[in-house]
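Participant:
Protein chains: 2
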Amino acid sequence: MNYLESLSKDHPNFTKDIEPSGFSQTLQEAMTSIPNEHSSNSIEQSSELSVIRPEPVFSVLNTPDPPSPWIELASSMKEKVLTRGKQSSSLLHFTLSGLQGLFPVLSWGRNYDLKSFRSDIMAGLTLASLGIPQSIGYANLAKLEPQYGLYTNLVPPLIYAVMGSSKEIAIGPVAVISLLVSSMCQKIVDPSVDPTGYKKIVFTVTFFTGIFQASFGFLRLGFLVDFLSHAAIVGFMGGAAIVIGLQQLKGLLGLTHFTNKTDLVSVIKAVWLGLHQSWHPDNFFLGCSFLIFILVTRFLGRRNLKLFWLPAIAPLLSVILSTVLVFLTRADKHGLKIIKEVKSGLNPSSVKLLQFTGPYVGESAKIGVICAVIALTEAVAVGRSFASVRGYQLDGNKEMVSMGFMNIIGSLSSCYVATGSFSRTAVNFIAGCKSPVSNIIMAITVFLTLEFLTRLLYYTPLAILASIILSALPGLIDVREACSIWKVDKMDFLACMGAFIGVLFGSVEIGLMVALTISFARILLSSIRPRIETLGRIQGTDIFCSKRQHPVVSLEPGLMIVHIGTSFLCFMNANFTKERILTYVMEDEELQEENNEGKILYMVIDMSNVMNIDSSGIAAVEEMHSKLESFGIQMAIVNPGWQVIYKMKLARLVERIGVSWIFLNVGEAVEACLSYKEDNICA
Amino acid sequence: MNYLESLSKDHPNFTKDIEPSGFSQTLQEAMTSIPNEHSSNSIEQSSELSVIRPEPVFSVLNTPDPPSPWIELASSMKEKVLTRGKQSSSLLHFTLSGLQGLFPVLSWGRNYDLKSFRSDIMAGLTLASLGIPQSIGYANLAKLEPQYGLYTNLVPPLIYAVMGSSKEIAIGPVAVISLLVSSMCQKIVDPSVDPTGYKKIVFTVTFFTGIFQASFGFLRLGFLVDFLSHAAIVGFMGGAAIVIGLQQLKGLLGLTHFTNKTDLVSVIKAVWLGLHQSWHPDNFFLGCSFLIFILVTRFLGRRNLKLFWLPAIAPLLSVILSTVLVFLTRADKHGLKIIKEVKSGLNPSSVKLLQFTGPYVGESAKIGVICAVIALTEAVAVGRSFASVRGYQLDGNKEMVSMGFMNIIGSLSSCYVATGSFSRTAVNFIAGCKSPVSNIIMAITVFLTLEFLTRLLYYTPLAILASIILSALPGLIDVREACSIWKVDKMDFLACMGAFIGVLFGSVEIGLMVALTISFARILLSSIRPRIETLGRIQGTDIFCSKRQHPVVSLEPGLMIVHIGTSFLCFMNANFTKERILTYVMEDEELQEENNEGKILYMVIDMSNVMNIDSSGIAAVEEMHSKLESFGIQMAIVNPGWQVIYKMKLARLVERIGVSWIFLNVGEAVEACLSYKEDNICA
């Protein structure tokens, strides 16, 4: 292009024979004469125009320049800081309000009363009775010893209670994250070969997860949570639930050998082999009967809300009953698998287990990013939906910071990645929690368990843990939502199914990659091919609508109105837009040759949808203008976005198109074109 | 969410105490009563309303369903086929017009006359005199023997002449593609160690390039060319030109040892080492003097267009002069590097060199994709800009098919990747070519050279080839365009600089990756944070504008108008949009408490920019509606896109919002809200 330009610049006569020179000259004369004419004569000629056209103060071109991206970023930052310390008169006050922002406990703690405390104690105990067996099961899923589940149910809830702003969320290990951690970390170090090495990886991953979460929050990258679409999450969760369920077959059937892979085919193969080698029906019958017990209590709890505590304590009850049963019958001697030793005592420090050198740091950081995003997605979804029921808003960025600190401190005290659990949050809510104190009560209960009751867990059968996890899975599989996604949006359903099938037959990462790719591809596709539609007038009004959508609208003779349906006219769609509009013009000319109708003289381009433009877009508009000019068609632009007008001014495109050919709305542009046309015909 | 839903479904009294039940009931009553009232009373009450509201035929909701994506895809395919065979009455005619589509030579060949032929002979000979030395130089850059450059300047132009639709484009090897091929292929096989293995890779890459190009064309993936933004191409080309120039230092300085890497640091290090070991000033002086000669002729050619042939034949002249000089002085015995043997004769077959098994197939295909996209980007840019000067349109997809076939057949006859060259196309154009016949003339000249003149190239110094390539580079570095990009769009400039620095200090692939990443990130960023702005009325009109852009507009009391500035309300921005709108409402309530003004009763959401929506978007609109309802605010939706209305109907969202709360334009919605408000106040 630049070569051509330099050619035509150096040799002014170079492009002369290319343009229909006679015509373009007359057109240029017409163009320069029209604005003056317009400002003086035409308003007097057509009184209608002067009524409808607004005062020149309101012209698109008279607006101030839009704030530059840097200024806008700075002002949004400032706004955030200022709202926090809005009424700060002194430095002390400012510091206090800053501390209150970081530790919400300082604000709600002052109004906390005995009545709320009573509710929180009830909720906390209910939570603990559900959380203790669940966390032992999830530790098993994460391929860690049982006490690590309890550790993770102790420190992170305490940190969240002082830093978090959600009142209902129940913090601890959850199923999907446990699966994520084990399926990705065991690719680096096999836990059955080198348990300490595996733990090192897990805690390092937890540390990185915390670091990423906190920095997402500090850098206000809250939108990262939105990168996974709702549909993708539905598919991913469904697939993960089935994968987790399949992993429980090991415990439920009492298999000794099992696969490290998580995909359907490998697991079914492993189960098939296991059933042919050695399995103990006792495990299966015990697990199944308690699974049925838990499901029945849940059914009863749903039928009668007063019995809400029944499904909540059923897992604990199952653990106690089955442990007593095994202790009495000594069934572990006949092949029933039991937990055996659970180390007692408070969380040991794991600072020395963190690895920041060596070959696995990069890999750990990568797993950390994935865990950070998935954990935040789950926690924010849980937190938001319960906050919206209670009628308050959660600040996503603040939540990220507290989740981050909770996992960083967790990684130093032998905890793996914790987040908000959906099922336990619901129990906490129904049990009537009033504040994060319920999390503290639960943590105290877990602490007491760790100190005094671990020896009682010796005889707890592994099959019971499997059945507790299995009973929590149906809530993750949301067939009804998948159906409604299919009904509303087929492409969303594709993302949903992609994630589901990817997790089920590939691995967790493959499922995530598929979901992300489909979701992003969709956004790009919608940018690549914007809708370019011709508009027509609804008779008797000043409303202009798409001819294709409303076939009854009437087109104006001698002018064409085209609407550009993208918010960002950029390199990906500028060329397409230009060519589509020029094709419309040429198709129309062909049609007119056949019908002997009037030629198009004005092309009104409705750019009210275009909020931003890049240099390719500017070039496309410029080319369109000169091309239309060479056809003898005047281009009018309607209501481009603020940034668009600003950049068109910078590129001197406004001058080339002509200030009087840029309008505030379609009606005004059509009016002006029609009146010019009449003037021309009269003259 | 589903858990909550099931809870509230199973226990109808579950959410009772959460909502301000008394209020929502009255609101619901009000909502069900309003529509009826509206259709009977309100029109009579306010005569203004009945004038402005269009006939119910024109309601947004009465339109037919939009065509499904599959139907739209099918109809666009059908359209393409039908336009090609529009007037086909018989099968024969249909086949003929299909053949004409594939081989445009069949259409223009019939009207071809002697006068055009004379022009084409002149243009073809000029082209050959520039192309022959250039292609030998580019073969050198691609680390192939000189004859391969000539081969590539023979077969692909012939194929393009019968299949291509551009009249001006000059086909052959080009600088950037030669650099791409050598820099990527030598990572697989080192050409100095295993020349045959390297050739195998190069031809396989060429074959894949052709396959990808042809399939892009057949699958109508023409938009792939738009994936590289204009800004990114400017930066990439500039960086590539400097890298190519640095590579020429080897020939210009007559160095024996040189680096295989292309980045600035490695090359400067290699040159430094070379200068300290062994270099021959003869090479440098010879190369520089002829470089100056070529540049002076170009300057003269630009000053006087009649001398256009001078820069075109200067390279050939340099080759002849320098060759004669070396032959006479036998300077090659004193360290001057010469080409030595150039194999004579027509292209040999290279079918047996193609490798579709073995370890390098995947790698070759990857390089093929990159070459295909870059080659097409360059060719389409060249073709389009000259076609637009001549006033005809190029069909990008058709061009891709012909480029693909040209490279497939090229790869079978010892050619590497060919594409349209910018500098030679310009020469072809200025020399007055009328049709692709000039490419045929050039190919014949190259054929004669290969058959009879290769022996004369024995003494051609390598430094001359370097200076010919160096002289072609300034056209690739477009500082003026980079400046204008900086002026108009800072983010575009970032992409430009990213590509430039990536190519210069990293590698060609890194530069491309950086450019692609920045460009895509920008599109995603513009989707993540749409502009949500409050609108106000321009006094005395029915035009509503952004309050921020036009501070003079007046807001209507008791209602808020918000505009959503994205064309795709999807998972990435739905949550943000919802929360931003709710924040506006809450900020406004705070403001009103201070000022004791009237509360907002109506929220008009202008969705005229929203052309598409996904399930997350639907959910966000739904949540927004119920949230606003709980605040006692009625939501009205204005002019959502066709797809949006369709999906809102499918999700039963239209019923929930209320059919009478969806309007065609903002004016109408405001009118309706104001009249309801008056009615309520009167009642």
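Protein chains in written order, with UniProt numbering: chain A, 1 to 683; chain B, 1 to 683.
Virtual Cβ for every residue (Gly too), placed ideally from N, Cα, C.
Note that the coordinates shown come from a computational prediction; the quantities given were computed from them, not determined experimentally.
1) If you follow the alpha helix (DSSP H) that residue 442 of chain A is part of, which residue opens it and which one closes it?
2) Should residue 527 of chain A be flagged as near chain B, meaning a C-beta pair shorter than 8 Å?
3) Quick one: list the residues of chain A neighbouring residue 487 of chain B, beta-carbon separation under 9 Å, in chain order.
4) Using a Cβ-Cβ cutoff of less than 7 Å, which residues in the same chain neighbour residue 365 of chain A once the five nearest sequence positions on both sides are dropped?
5) If you draw a straight line from the C-alpha of residue 27 of chain B to the C-alpha of residue 552 of chain B, how long is it?
6) Where does residue 339 of chain B fall in DSSP's three states?
7) Note down, in chain order, every chain B residue with its Cβ under 7 Å from the Cβ of residue 665 of chain A.
8) With a threshold of 8 Å between beta carbons, is residue 96 of chain B in contact with chain A?
9) Using beta-carbon positions only, say whether residue 572 of chain B and residue 527 of chain B come within less than 8 Å of one another.
10) From the DSSP output, read off the bridge partner residues of residue 693 of chain A.
11) Kindly list the residues whose CB is nearer than 6 Å to the CB of residue 140 of chain A, restricted to its own chain and excluding five residues on each side of it in sequence; keep chain order.
12) Between the alpha carbons of residue 422 of chain A and residue 136 of chain A, how many angstroms are there, rounded?
13) For residue 392 of chain A, count neighbouring C-beta atoms within 10 Å of its own C-beta (all shown protein chains included) and say buried if the count is 16 or more, exposed if not.
14) Counting beta carbon pairs with one atom in the stretch 189 to 204 of chain B and one in the stretch 158 to 175 of chain B, are three or more of them shorter than 8 Å?
15) Cβ closer than 8 Å: which chain A residues qualify as neighbours of residue 561 of chain B?
16) Looking at chain A, is there any beta carbon in it that lies within less than 8 Å of the beta carbon of residue 49 of chain B?
17) Is there a C-beta anywhere in chain A that falls below 8 Å from the one on residue 673 of chain B?
18) In whole angstroms, what is the alpha-carbon distance linking residue 252 of chain A and residue 495 of chain A?
19) Can residue 336 of chain B and residue 254 of chain B be called in contact, C-beta distance under 8 Å?
20) In angstroms with no decimal places, state the Cα-to-Cα distance between residue 113 of chain B and residue 435 of chain B.
21) Along chain B, which residues have their Cβ under 8 Å away from the Cβ of residue 513 of chain A?
22) If residue 416 of chain B sits next to residue 338 of chain B, beta carbons under 8 Å apart, how far is it from one beta carbon to the other, in whole angstroms?
23) Here's a check: name, in chain order, each residue in its chain whose Cβ is nearer than 6 Å to the Cβ of residue 327 of chain B, leaving out the five neighbours to either side.
24) I'd like the ranges of any alpha helix (DSSP H) spanning at least 4 consecutive residues and lying wholly in the stretch 457 to 484 of chain B.
25) With 16 other CB atoms within 10 Å as the buried threshold, where does residue 86 of chain B fall?
26) Using three-state DSSP, classify residue 545 of chain A as helix, strand or coil.
27) So, at 7 Å on beta carbons, what are the nonlocal neighbours of residue 601 of chain B in its own chain, with the 5 sequence-adjacent residues on each side left out?
28) Could you give the DSSP three-state label for residue 612 of chain A: helix, strand or coil?
29) I'd like to know if residue 428 of chain A contacts chain B, where contact means its C-beta is closer than 8 Å to some C-beta of that chain.
30) Quick one, which of A:472, A:305 and A:516 has its alpha-carbon nearest residue 429 of chain A's?
31) Cutting at 6 Å between CB atoms, please list the residues of its own chain near residue 605 of chain A, excluding the five before and the five after it.
32) Report the residue ranges of all alpha helix (DSSP H) runs contained in full by the stretch 609 to 655 of chain B; include only those spanning at least 4 residues, in chain order.
33) Check each candidate in B:285, B:66 and B:155 and name the one with the smallest Cα separation from residue 412 of chain B.
34) Where does residue 432 of chain B sit, in a helix, a strand or coil, going by DSSP?
35) According to DSSP, is residue 263 of chain A helix, strand or coil?
36) Can you list the alpha helix (DSSP H) stretches of 4 or more residues lying completely in the stretch 210 to 280 of chain A, in chain order?
Facilitator: In short:
1) 437 to 448
2) yes
3) 650 and 651
4) 208
5) No answer about residue 27 of chain B holds up, because its pLDDT of 34 lies below 50 and its placement is not dependable.
6) coil
7) 543
8) no
9) yes
10) Residue numbering for chain A in the displayed model covers 1 to 683; residue 693 of chain A lies beyond these limits and cannot be assessed.
11) 465
12) 17 Å
13) exposed
14) no
15) Those do not exist, as residue 561 of chain B stays about 15 Å from chain A at its closest Cβ, beyond 8 Å.
16) Note that residue 49 of chain B scores a pLDDT of 39, beneath 50, so its modelled location is shaky and nothing firm can be said.
17) no
18) 32 Å
19) yes
20) 11 Å
21) Within 8 Å Cβ-Cβ: nothing; residue 513 of chain A doesn't reach chain B, min ~16 Å.
22) Actually they do not touch by this definition, with Cβ atoms about 23 Å apart.
23) 459
24) 462 to 472
25) Summary for residue 86 of chain B: the model assigns pLDDT 47, below 50, so the residue's position carries little reliability; its value from the coordinates is reported in the next sentence. Classification of residue 86 of chain B: exposed, given that the 10 Å Cβ count is below 16.
26) strand
27) 558, 559, 633, 634 and 677
28) strand
29) no
30) A:305
31) 562 and 637
32) 615 to 630 and 642 to 650
33) B:155
34) coil
35) coil
36) 230 to 253 and 264 to 277
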